[in-house]
Every structure is written in C-alpha cells, then in structure tokens.
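Novice:
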Amino acid sequence: MITHYDIKMEMQKLKEVLSVEGVNIPSLLQVIKPGTYVFLWVLLWPTFLRLVSVKSDVRDVGFDICASGMMGFLLFVAITNGMMLYLAIPDSFRKDSKIINFMYSKSKTYILLFLIVFFYGFVYAFYLICFCTNDYIHIIFLGVYHRYKSL
Numbered sequence: 014m015i016t017h018y019d020i021k022m023e024m025q026k027l028k029e030v031l032s033v034e035g036v037n038i039p040s041l042l043q044v045i046k047p048g049t050y051v052f053l054w055v056l057l058w059p060t061f062l063r064l065v066s067v068k069s070d071v072r073d074v075g076f077d078i079c080a081s082g083m084m085g086f087l088l089f090v091a092i093t094n095g096m097m098l099y100l101a102i103p104d105s106f107r108k109d110s111k112i113i114n115f116m117y118s119k120s121k122t123y124i125l126l127f128l129i130v131f132f133y134g135f136v137y138a139f140y141l142i143c144f145c146t147n148d149y150i151h152i153i154f155l156g157v158y159h160r161y162k163s164l
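Each residue of the sequence shown is one higher than the one before, starting from 14 at the first, in my numbering.
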C-alpha cells in the first residue's frame, strides 16, 4: 500500500535524481509507437467491421470512420503525452520507484482485462453471427440436440 509519506519521499528522491542526472530525452519513435498502435486499432477496427457488414450505407461508414479517427487521435495524444513523461524519468529511478511500479502493474492489469473482455466479446459475436443468424443451421442443431436428448 502506498501512503502519503511514500509519495512525499519518492518526490524528494526524484528531485535529487533529476538534479544530478537530468531529464532523459527519448527518441520520437519510442514515444509515439504505442499511441500509433492504439490510433490504428481504433481507426481500422470499425472500418473493417463496416466493410464486412452486408447492410452499410456510405454515410454511415464515413461517420464511423471520422468518429473513430477523432477518438483515436485523442487517445494518440494522451498516450504520447504519458509516454513522454514516463520516458523522461531516468531509468535508475523508474526501476526503484514504488509508485511507478504500482502504476505500471495497474496499467498492465487493465490492458490484460481489456484484452480478455474484447476476446470473449469477439468470440460471442462470432458465435452469434455463425449460429444464430443462419436459421437453417440453428434449426438443424436444435433438432439433432432434442432428438438425442430424449434418448
């Protein structure tokens, strides 16, 4: 558990480390790479879903792409800003800091939870598309199931 005292002590250590070592200046590619991945994901996933869908109007597709592009750009800016601040802290302090390790583990947990929920949502949607929209397969599956259930 992190207390107010821990935060105060780590801020003092950070001031000392920054006065001695200075601020790191990370490379541009290192800073923008995670934000670019998220931007492309947020932009391309709805685009892919709209292109695959059977009933899609051109205006709806354009609106979806523009809305997801704006949201992706906002996420890109936020992630790039966070990476810039994180990578500006010297490595020696990042490895020993309780607060940074706590935030790192929390963000890793949130990302893993998002990926698990997304994967199960994708599997569920795939199940619905494959088995519930095609009435013939659904009727055959239920007919076979009920036939062998009564035996």
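Beta carbons are placed, not taken as given, at the ideal position from N, Cα and C, and that holds for glycine.
With respect to the alpha helix (DSSP H) encompassing D37, which residues constitute its N-terminal and C-terminal limits?
Specialist: Looking at the sequence itself, residue 37 is Asn, so the reference to Asp does not match. Segment: none, N37 is in no alpha helix (DSSP H) and carries neither H nor E.
Novice: Which residues in the same chain as I78 place their Cβ atom closer than 6 Å to its Cβ, once the five residues preceding and following it in sequence are excluded?
Specialist: T60
Novice: What do you reckon, are the CB atoms on G48 and F106 nearer than 7 Å?
Specialist: no
Novice: Apart from the five residues on each side of it in sequence, which residues of its chain come closer than 8 Å, Cβ to Cβ, to R100?
Specialist: It is Leu, not Arg, that sits at residue 100 in the sequence shown. Excluding positions up to five away in sequence, the list reads N37, P39, Q43, V44.
Novice: Just mark V33 as buried or exposed, buried being the case when its beta carbon has 16 or more other beta carbons within 10 Å.
Specialist: exposed
Novice: Just confirm the distance between the C-beta atoms of G85 and L56, as a whole number of angstroms; I'd bet it's less than 8 Å.
Specialist: Indeed, because the Cβ distance is near 5 Å, the residues count as touching under 8 Å.
Novice: Please report the residue range of the alpha helix (DSSP H) in which M84 lies.
Specialist: M84: member of the alpha helix (DSSP H) spanning 71-101, first to last residue.
Novice: What are the start and end residues of the alpha helix (DSSP H) that includes S120?
Specialist: 111-140
Novice: Check this for me: beta carbons of S110 and E23, under 7 Å apart or not?
Specialist: yes
Novice: Quick one, are the C-beta atoms of V51 and I92 less than 7 Å apart?
Specialist: yes
Novice: Determine the DSSP secondary structure at I20, reduced to helix, strand or coil.
Specialist: helix
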